[in-house]
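S.K.: Residue numbers (UniProt numbering), protein chains in the order written: chain A, 1 to 186; chain B, 1 to 186.
Number of protein chains: 2
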Amino acid sequence: MVRWQPGARERLQAAALERFAAEGFDGTTVAEIAATAGLTERTFFRHFADKREVLFAGQDEFERLFVAGIEDADGTDPIAVVAAALEGATGFFPEDRRAWSRARQEVIDADPGLQERELLKLSKLAGAMTDALRRRGIDPTPAALAAESGVAVFRVGFATWIAEGEERPLPVILRAVLGELRSLLA
Amino acid sequence: MVRWQPGARERLQAAALERFAAEGFDGTTVAEIAATAGLTERTFFRHFADKREVLFAGQDEFERLFVAGIEDADGTDPIAVVAAALEGATGFFPEDRRAWSRARQEVIDADPGLQERELLKLSKLAGAMTDALRRRGIDPTPAALAAESGVAVFRVGFATWIAEGEERPLPVILRAVLGELRSLLA
DNA sequence: ACTACTGATGACAGCGACTGACATCGCGGC
DNA sequence: GCCGCGATGTCAGTCGCTGTCATCAGTAGT
């Protein structure tokens, strides 16, 4: 007889996404999520810093992929390095997570508080990329601009990938968006 | 005998910035802010949607300036239009608000929750700029990229303007940053 | 002058997010 | 077989935030 079932964290995440999709973020209490997962509210807050964070766990892993992509890239042109990192990070979003990503994004797009959290995560990502670029000897301002541009390209590309009817894989889309940005500022 | 002193909103904003700077955002309760301003907690929430918003009132005006700058600009090149809007919006930050802006930014930089709110405001700004560009007949993706780039330039430029030792006025800095972005992607 | 109405505020009760402190108990190590 | 660890439960409490109703100076209409 086990005292508690394993996978509490994953159960909480699944329960949260399900409830948020059905009742909305504000219409769901943490106690409800916990009960759905067979746990208590207090345990929820032991796994996630706050109610929003349950939708953003794993984001650190994503950030590490980006930074690793920058560190492993060749050359010294900031934009080229960022482009390489974009390629590497797409591994985080395989084709079979497209539907799940869409469902999650719909929940986020429906709540300003969740949008704030997403923006903070992306901002931290840009900061981590900036640091990684500077470690390669790139000057502060170009590093920040390249990182911000990279994140902007990722955002636009990701939204496109999620969109209804879109069938191109994420890496292809990202290359196209980066090309558009380049020609825009040429 | 007046029933209540005028300027409640401004008193609350001043009290909030003062307390946040002294005790930190988390270390300050809304009731304390209200008491400092000679009001009650309930009245605070009649003036501001939430505790964070007291630092971001006036942001709508800022957004309108940007959009107006886009609408009044000449030409069809997205980046040129955005550059013109950047010029116009600097009127929101005259030289004598530099010290105040720095104090406010220090408070924001010290709290993740406030950073989230700032990012949401900037994101909304980018969205409004995108819409304004599209109304000028610019295609969606170039419009979004130009708007995001414009906001990125503003962020980097504003941070520079605020920085210790910096003396150039904001418009000059913004032109320089935009030039850097251009040469970066050339 | 009397009355009705408005508009900013106060008072109060209540919900939900989040936290700290302490108890519980299966499991693995010794 | 005992002991400590670690994930969980329980409970009380703070604070952000909201709905509701009362208050009362000033204003407009009669």
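In this text, a Cβ means the ideal position worked out from N, Cα and C, and glycines have one as well. From a predicted model like this one, the values you see are computed outputs, not experimental measurements.
Classify residue 161/B as buried or exposed, calling it buried when 16 or more other Cβ atoms lie within 10 Å of its own Cβ.
M.R.: With 16 or more other Cβ atoms inside 10 Å of its own Cβ, residue 161/B counts as buried.
S.K.: Please classify residue 13/B: is it buried, with 16 or more other beta-carbons within 10 angstroms of its beta-carbon, or exposed?
M.R.: Around the beta-carbon of residue 13/B, 16 or more other beta-carbon atoms lie within 10 Å, marking it buried.
S.K.: Which residue marks the beginning of the alpha helix (DSSP H) containing residue 132/B, and which one marks its end?
M.R.: 112-135
S.K.: Please look up how many angstroms separate the CB atoms of residue 85/B and residue 70/B, rounded, as I've assumed it's under 8 Å.
M.R.: 5 Å
S.K.: Distance, Cα to Cα, residue 44/B vs residue 93/A?
M.R.: 44 Å
S.K.: Sort 37/B, 48/B and 139/B by Cα distance to residue 76/B and report the nearest one.
M.R.: 139/B
S.K.: Short of 8 Å Cβ to Cβ, which residues in the region 170-181 of chain B face chain A?
M.R.: Taking 8 Å as the Cβ-Cβ cut-off against chain A, the residues of the region 170-181 of chain B that qualify are 177, 180 and 181.
S.K.: Of all the options 36/A, 27/A and 32/A, which has the alpha carbon lying nearest to the alpha carbon of residue 11/A?
M.R.: 36/A
S.K.: Taking all protein chains shown into account, do 16 or more other C-beta atoms lie within 10 angstroms of the C-beta of residue 151/B, making it buried, or fewer, making it exposed?
M.R.: Counting Cβ neighbours within 10 Å, residue 151/B comes out buried, since at least 16 surround it.
S.K.: With a threshold of 8 Å between beta-carbons, can residue 79/B be considered close to chain A, or not?
M.R.: yes
S.K.: Residue 52/A and residue 114/A look like a contact to me (Cβ under 8 Å); what is the Cβ gap, rounded to whole Å?
M.R.: 6 Å
S.K.: Just to check my reading of the structure: residue 172/B and residue 129/B have Cβ atoms closer than 8 Å, yes? What is that Cβ distance to the nearest angstrom?
M.R.: Residue 172/B to residue 129/B, Cβ: 22 Å. No contact.
S.K.: Grouping DSSP H, G and I as helix and E and B as strand, with all else coil, what is residue 138/A?
M.R.: coil
S.K.: Could you give the first and the last residue of the continuous alpha helix (DSSP H) run that contains residue 95/B?
M.R.: From DSSP, residue 95/B is part of no alpha helix (DSSP H); its letter is neither H nor E.
S.K.: So with CB distances below 7 Å, who are the chain B contacts of residue 82/A?
M.R.: Within chain B, no residue comes near residue 82/A; the closest Cβ sits about 10 Å away, beyond 7 Å.
S.K.: Rounded to the nearest angstrom, what separates residue 127/B and residue 26/A at their Cα positions?
M.R.: Between residue 127/B and residue 26/A, the C-alpha separation is close to 24 Å.
S.K.: For the UniProt domain "HTH tetR-type" (6-66) of chain B, which residues have a beta carbon sitting closer than 7 Å to at least one beta carbon of chain A?
M.R.: Listed by position, the residues of the UniProt domain "HTH tetR-type" (6-66) of chain B near chain A (Cβ gap below 7 Å) amount to none.
S.K.: What did DSSP end up calling residue 171/A once you bin it into helix, strand or coil?
M.R.: helix
S.K.: Does DSSP put residue 166/B in a helix, a strand or coil?
M.R.: coil
S.K.: Of all the CB atoms in chain B, is at least one closer than 8 Å to the CB of residue 116/A?
M.R.: yes
S.K.: In whole angstroms, what is the alpha-carbon distance linking residue 119/B and residue 119/A?
M.R.: 6 Å
S.K.: How would you list, in chain order, the residues of chain A whose beta-carbon sits under 7 Å from the beta-carbon of residue 148/B?
M.R.: By Cβ distance, chain A contributes 152.
S.K.: Tell me, to the nearest whole angstrom, how far the beta carbon of residue 88/A is from that of residue 68/A; I am working on the premise that it is less than 8 Å.
M.R.: With a Cβ gap of about 7 Å, residue 88/A and residue 68/A count as contacting.
S.K.: Looking at residue 125/A and residue 63/A, is the spacing between their C-beta atoms short of 8 Å?
M.R.: yes
S.K.: Using the beta-carbon of each residue, which ones in chain A are nearer than 8 Å to residue 133/B?
M.R.: Ordered by position in chain A, no residue passes the 8 Å Cβ test against residue 133/B, which lies about 11 Å from the chain.
S.K.: Could you pull out every residue in the same chain whose Cβ sits closer than 8 Å to the Cβ of residue 187/A, ignoring the five residues on either side in sequence?
M.R.: What is shown of chain A runs 1 to 186, which leaves residue 187/A out entirely.
S.K.: So what does DSSP say about residue 19/B, is it helix, strand or coil?
M.R.: helix
S.K.: Can you tell me which of the three DSSP states residue 145/A falls into?
M.R.: helix
S.K.: Since residue 65/B is in the alpha helix (DSSP H), which residue starts that stretch and which ends it?
M.R.: 59-72
S.K.: Is the distance from the Cβ of residue 122/A to the Cβ of residue 78/A below 8 Å?
M.R.: no
S.K.: For residue 28/A versus residue 156/B, is the C-beta spacing smaller than 8 Å?
M.R.: no
S.K.: On the DSSP letters alone, give me the boundaries of the alpha helix (DSSP H) that residue 32/B sits inside.
M.R.: 30-36
S.K.: How close, in whole Å, do the beta carbons of residue 149/B and residue 181/B come, if the pair is a contact with beta carbons under 8 Å?
M.R.: 7 Å
S.K.: Please report whether the beta-carbon of residue 156/A lies at a distance below 8 Å from any beta-carbon of chain B.
M.R.: For residue 156/A, the answer is yes, since a Cβ of chain B falls inside 8 Å of its Cβ.
S.K.: Does the distance from the C-beta atom of residue 30/B to that of residue 41/B stay below 8 Å?
M.R.: yes
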